[in-house]
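Peer 1: Protein sequence lines, in the order shown, are assigned to chains A and B. Heads up: the first sequence begins at 4 in the working numbering, then just goes up one per residue. Heads up: the second sequence begins at 4 in the working numbering, then just goes up one per residue. C-beta atoms are modelled at their ideal positions from N, C-alpha and C, and glycine is treated no differently.
2 protein chains.
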Amino acid sequence: MTIDPIYISTKEDSKLIFQYDNFIFDCDGVIWLDETLIPKVLEFLNYLLSNNKNFIFVTNNSSKSRKEYVKKFQRLGINFVTNEMIFPTCYSAVLEVQRLQIPKNSKIWVFGEKGIEEELKLAGYIPVGGTDPKLDAEWNIDLPLMNVDSEVKAVIVGSTKKINYYRIASTLQYLLYNNESLPFIGTNIDKTYPAGKFILPAGGSCVNYMSFTSGREFIDVGKPSKDFLQIILDKTGFNKERTLMVGDTLYTDIKFGNDGKLGVDNKSSLLVLTGGTTLKDLDDAVRHSKDNSIIPSYCIESLTKLIELLE
Amino acid sequence: MTIDPIYISTKEDSKLIFQYDNFIFDCDGVIWLDETLIPKVLEFLNYLLSNNKNFIFVTNNSSKSRKEYVKKFQRLGINFVTNEMIFPTCYSAVLEVQRLQIPKNSKIWVFGEKGIEEELKLAGYIPVGGTDPKLDAEWNIDLPLMNVDSEVKAVIVGSTKKINYYRIASTLQYLLYNNESLPFIGTNIDKTYPAGKFILPAGGSCVNYMSFTSGREFIDVGKPSKDFLQIILDKTGFNKERTLMVGDTLYTDIKFGNDGKLGVDNKSSLLVLTGGTTLKDLDDAVRHSKDNSIIPSYCIESLTKLIELLE
Numbered sequence: 004m005t006i007d008p009i010y011i012s013t014k015e016d017s018k019l020i021f022q023y024d025n026f027i028f029d030c031d032g033v034i035w036l037d038e039t040l041i042p043k044v045l046e047f048l049n050y051l052l053s054n055n056k057n058f059i060f061v062t063n064n065s066s067k068s069r070k071e072y073v074k075k076f077q078r079l080g081i082n083f084v085t086n087e088m089i090f091p092t093c094y095s096a097v098l099e100v101q102r103l104q105i106p107k108n109s110k111i112w113v114f115g116e117k118g119i120e121e122e123l124k125l126a127g128y129i130p131v132g133g134t135d136p137k138l139d140a141e142w143n144i145d146l147p148l149m150n151v152d153s154e155v156k157a158v159i160v161g162s163t164k165k166i167n168y169y170r171i172a173s174t175l176q177y178l179l180y181n182n183e184s185l186p187f188i189g190t191n192i193d194k195t196y197p198a199g200k201f202i203l204p205a206g207g208s209c210v211n212y213m214s215f216t217s218g219r220e221f222i223d224v225g226k227p228s229k230d231f232l233q234i235i236l237d238k239t240g241f242n243k244e245r246t247l248m249v250g251d252t253l254y255t256d257i258k259f260g261n262d263g264k265l266g267v268d269n270k271s272s273l274l275v276l277t278g279g280t281t282l283k284d285l286d287d288a289v290r291h292s293k294d295n296s297i298i299p300s301y302c303i304e305s306l307t308k309l310i311e312l313l314e
Numbered sequence: 004m005t006i007d008p009i010y011i012s013t014k015e016d017s018k019l020i021f022q023y024d025n026f027i028f029d030c031d032g033v034i035w036l037d038e039t040l041i042p043k044v045l046e047f048l049n050y051l052l053s054n055n056k057n058f059i060f061v062t063n064n065s066s067k068s069r070k071e072y073v074k075k076f077q078r079l080g081i082n083f084v085t086n087e088m089i090f091p092t093c094y095s096a097v098l099e100v101q102r103l104q105i106p107k108n109s110k111i112w113v114f115g116e117k118g119i120e121e122e123l124k125l126a127g128y129i130p131v132g133g134t135d136p137k138l139d140a141e142w143n144i145d146l147p148l149m150n151v152d153s154e155v156k157a158v159i160v161g162s163t164k165k166i167n168y169y170r171i172a173s174t175l176q177y178l179l180y181n182n183e184s185l186p187f188i189g190t191n192i193d194k195t196y197p198a199g200k201f202i203l204p205a206g207g208s209c210v211n212y213m214s215f216t217s218g219r220e221f222i223d224v225g226k227p228s229k230d231f232l233q234i235i236l237d238k239t240g241f242n243k244e245r246t247l248m249v250g251d252t253l254y255t256d257i258k259f260g261n262d263g264k265l266g267v268d269n270k271s272s273l274l275v276l277t278g279g280t281t282l283k284d285l286d287d288a289v290r291h292s293k294d295n296s297i298i299p300s301y302c303i304e305s306l307t308k309l310i311e312l313l314e
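(1) Let me see if you follow: with CB-CB separation under 8 Å, is ALA288 (chain B) close to chain A or not?
(2) Considering only their Cβ atoms, is the gap separating GLY250 (chain B) from LEU274 (chain B) smaller than 8 Å?
(3) Let me confirm a value: ASN191 (chain B) is counted as buried when at least 16 other C-beta atoms fall within 10 Å, else exposed. Which label applies?
(4) Which one or two residues does DSSP pair with LYS110 (chain B) in a beta bridge?
(5) Closest to PHE21 (chain B) by C-alpha separation, out of B:LEU247, B:ASN295, B:SER292, would be which residue?
(6) Would you report the Cα separation of PRO42 (chain A) and LEU79 (chain A), rounded to the nearest angstrom?
(7) Just to confirm, are MET88 (chain B) and ILE119 (chain B) a CB contact at a threshold of 8 Å?
(8) What is the rounded straight-line gap between the Cα of LEU123 (chain B) and the Cα of ILE298 (chain A)?
(9) Taking only beta-carbon positions, decide if GLY218 (chain A) is within less than 8 Å of chain B.
(10) Just to confirm the assignment, what range does the alpha helix (DSSP H) spanning ILE171 (chain A) have?
(11) Cα separation between GLY133 (chain B) and GLY115 (chain B)?
(12) By DSSP, does THR280 (chain A) sit in helix, in strand, or in coil?
(13) Determine which residues share a DSSP beta bridge with VAL275 (chain B) and list them.
(14) Among residues of its own chain, excluding the 5 on either side of LEU125 (chain B), which ones have a beta-carbon nearer than 8 Å to its beta-carbon?
(15) Evaluate the contact criterion for the segment 7-17 of chain B versus the segment 229-240 of chain B: three or more CB pairs, one atom per stretch, below 8 Å.
(16) If I measure Cβ to Cβ from SER173 (chain A) and keep anything under 6 Å in the same chain, skipping five residues before and after, which residues do I get?
(17) Could you list which residues in chain B have their beta carbon closer than 7 Å to that of PRO204 (chain A), in chain order?
(18) May I ask you to report which of helix, strand or coil DSSP gives GLY250 (chain A)?
(19) So which residues on chain A does PHE201 (chain B) lean against when the C-beta distance must stay under 9 Å?
(20) At a Cβ threshold of 8 Å, is LEU246 (chain A) touching chain B?
(21) Tell me the rounded alpha-carbon separation between PHE201 (chain A) and VAL151 (chain B).
(22) Cβ closer than 7 Å: which chain A residues qualify as neighbours of LYS194 (chain B)?
(23) What does the Cβ neighbour count give for ARG170 (chain B), buried or exposed, with the cut at 16 atoms within 10 Å?
(24) My output table needs one value for VAL210 (chain B): the three-state DSSP class, helix, strand or coil.
(25) Going by other Cβ atoms of all chains shown within 10 Å of its Cβ, with 16 needed for buried, is ASN143 (chain A) buried or exposed?
(26) Using 8 Å as the Cβ pair cut-off and three pairs as the minimum, do the segment 250-270 of chain A and the segment 47-57 of chain A touch?
(27) With distance defined between alpha-carbon atoms, name the residue in A:LYS56, A:ASN167, A:GLU154 nearest to ASP135 (chain A).
(28) Are the beta-carbon atoms belonging to ASN242 (chain B) and ASN25 (chain B) less than 8 Å from one another?
(29) Could you check whether TYR128 (chain A) and SER109 (chain A) sit closer than 8 Å to each other, using their CB atoms as the reference points?
(30) From the DSSP output, read off the bridge partner residues of THR62 (chain B).
(31) Which residues share a DSSP beta bridge with TYR23 (chain A)?
(32) Measure the alpha-carbon distance for ALA198 (chain A) versus SER162 (chain A) and round it to whole angstroms.
(33) By the criterion of Cβ-Cβ separation under 9 Å, what are the contact partners of ASN191 (chain A) in chain B?
(34) DSSP state of ALA205 (chain A), grouped into three classes?
(35) Counting only C-beta atoms, is TYR168 (chain A) closer than 8 Å to chain B at any point?
(36) Could you give the residue range of the alpha helix (DSSP H) that holds GLY352 (chain A)?
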């Protein structure tokens, strides 16, 4: 049995949202669209601050480090966000490396962007592969990075638009190496993301590619991983029952809040329609999906609407 | 219940193989390894010819046209192989375009190599995408081939070592176009192939990538597709009961023969160990797989061994 989401459209409704103390926001499609802030998000966050609400940002994007995200928030006019308030999956991947007790100064093979490399370095690890320009070479079988470096202790696969055969083939060597014994960490499961008039392949497509080709499962450190949520709750000290997940994607954001059993009375997630999910998509999911975990507790047009309801 | 394969090791055993009239051979790992002929394959094929046996070659590789395969056989010293004896998946993909009754002179979007383009042209279609050097450009969202050409009537995805974000993203636009109405033909499901000391990503990895990212199923025109086998039987006139499939891969070649119910008494497939499958892999499959369709009827070291048993 699926319970219909509560559609927030009046000031009275909005109180249901503001009853929470802690908010976990997805970024793209919720706070911004690429380099454009969603209207009135600054006012909305300021309202939360002045009402002693807590909030953090959790993104399945692995390409930018927390430091780069702080800069992005500043670029968009939001100056109060610090490293500790941002959890991109390049960071959660490195937390997983630490949880696996891989010693500092170990080499970690990276399929992905600078964000992963920067977070690895910050934690005392040595990234190899990744954005190394050697990996931009046209494919031939005698390329040097095809030979496994036996000092590598784990593999992180994230997203990169520099996907090419050399990166794929060299990463595969690490995933198959030593009877598939190196831990395989994947940053996320997102298939696509909206970018203007296009739907583009997202990081989860790279992770899935390497998983299919190697025949290996990966440790998912992105939403909707329950382990990821637990790490976030531990680091922030958020009381689970007083926390709401806010996102634009059913099978990552909404499932993250629902599976994580945030909130009380099974009310754990708010869908906003400013990203990849339309009201029709939501309606289809409510009617046809057998998976209740992707149905939000609440739905609203946008964070813009939420602050406007208070005016 | 799994039935153990019959391991061919004596002259007496070999008669079990030579009782068939028609042989379907996989190429890579059976006839050759890359550019090297497996020893005594020429003698073996000459033996078949002089004993009035029929044979053809079926490969999941989509990168080379039948014409290119004829040249490859000639390069390796085998001069009696004609176009009609070779079924690569670039050809079966085009047969599928015809079966779908897509009119001649239609444009077909290609993710893959020259083989697909050449076979399309030969059948009167216009390939777009594919090896177009424009698609080698570094990614940005304003690239011209991101805009769907509405004259395209189907999408063929095969393998290419020129995989990059532009090819993936532009192919995705066609797969999502017009409510996902364009037929999506995938050449094969192979994850990897052995290449010297390396295991490398195979074409099925590209097909799976596009299937995952678009959230669409594809029409599989490679082994082990039963439709593909039926096309081959129709074209060659082979009597199914007198035909044996010979290959080196359990989940494509062996399953192709078994699912296709070649031979009599459930004896439809011969595994050779010169490619990607070891005796240990076979043993693991016999012991642990719940899928009988990947267990060969017969197994032999190599085609070399098979001709030597007769000497």
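Peer 2: On the basis of the coordinates in this document:
(1) Any Cβ of chain A closer than 8 Å to the Cβ of ALA288 (chain B) would place that residue at the interface, and such an atom is absent.
(2) Yes, Cβ-Cβ distance for LEU274 (chain B) and GLY250 (chain B) is below 8 Å.
(3) So ASN191 (chain B) ends up on the buried side.
(4) Its beta-bridge partners are B:ILE129, B:VAL155.
(5) PHE21 (chain B) has its Cα closest to that of B:LEU247, out of B:LEU247, B:ASN295, B:SER292.
(6) Each residue's alpha carbon lies about 11 Å from the other.
(7) Judged by beta-carbon spacing, ILE119 (chain B) lies beyond the 8 Å limit of MET88 (chain B), meaning their Cβ atoms are not closer than that value.
(8) Each residue's alpha carbon lies about 45 Å from the other.
(9) Under the 8 Å criterion on CB atoms, GLY218 (chain A) is classed as interfacial with respect to chain B.
(10) Start and end: 168-183.
(11) Taking the straight line from one Cα to the other gives about 5 Å.
(12) DSSP places THR280 (chain A) in coil when its eight states are reduced to three.
(13) In the DSSP output, where bridge partners are listed per residue, VAL275 (chain B) has B:ILE303.
(14) Excluding five sequence positions before and after LEU125 (chain B), the CB atoms of its chain that fall closer than 8 Å to its own CB belong to SER68, VAL97, given in chain order.
(15) Not touching, per the Cβ criterion.
(16) For SER173 (chain A), same chain residues with a beta-carbon under 6 Å away, outside a window of 5 residues either side, are LEU148, MET149 in chain order.
(17) Result: ILE171, ALA172, LEU175, THR216.
(18) Note: GLY250 (chain A) maps to strand in three-state DSSP.
(19) ILE144, MET149, ALA172, LEU175, GLN176, listed in chain order.
(20) Note on residue identity: the sequence assigns Thr, not Leu, to residue 246 (chain A). Output row for THR246 (chain A): interface = no.
(21) One C-alpha to the other measures close to 11 Å.
(22) Near LYS194 (chain B) (Cβ distances below 7 Å), the residues of chain A are PHE215, THR216, GLY218.
(23) Buried.
(24) Three-state result, VAL210 (chain B): helix.
(25) Of the other Cβ atoms in all chains shown, fewer than 16 fall within 10 Å of the Cβ of ASN143 (chain A); this residue is therefore exposed.
(26) Judged by Cβ distances under 8 Å, the segment 250-270 of chain A makes no contact with the segment 47-57 of chain A, as fewer than three pairs qualify.
(27) Comparing alpha carbon positions, the residue from A:LYS56, A:ASN167, A:GLU154 closest to ASP135 (chain A) is A:ASN167.
(28) Against a cut-off of 8 Å, the Cβ pair of ASN25 (chain B) and ASN242 (chain B) comes out as a contact.
(29) It is a contact, given that the beta carbons lie within the stated cut-off.
(30) Per DSSP, the beta bridge partners of THR62 (chain B) are B:PRO91.
(31) Answer is none; TYR23 (chain A) lacks a bridge partner.
(32) CA-CA distance, ALA198 (chain A) to SER162 (chain A), rounds to 15 Å.
(33) Result: empty, since nearest Cβ-Cβ is about 13 Å, beyond 9 Å.
(34) Looking at ALA205 (chain A) - three-state DSSP - the assignment turns out to be coil, as it is neither helix nor strand.
(35) By this cut-off, TYR168 (chain A) is an interface position.
(36) Chain A is shown only over 4 to 314; residue 352 (chain A) falls outside these bounds and no answer can be derived.
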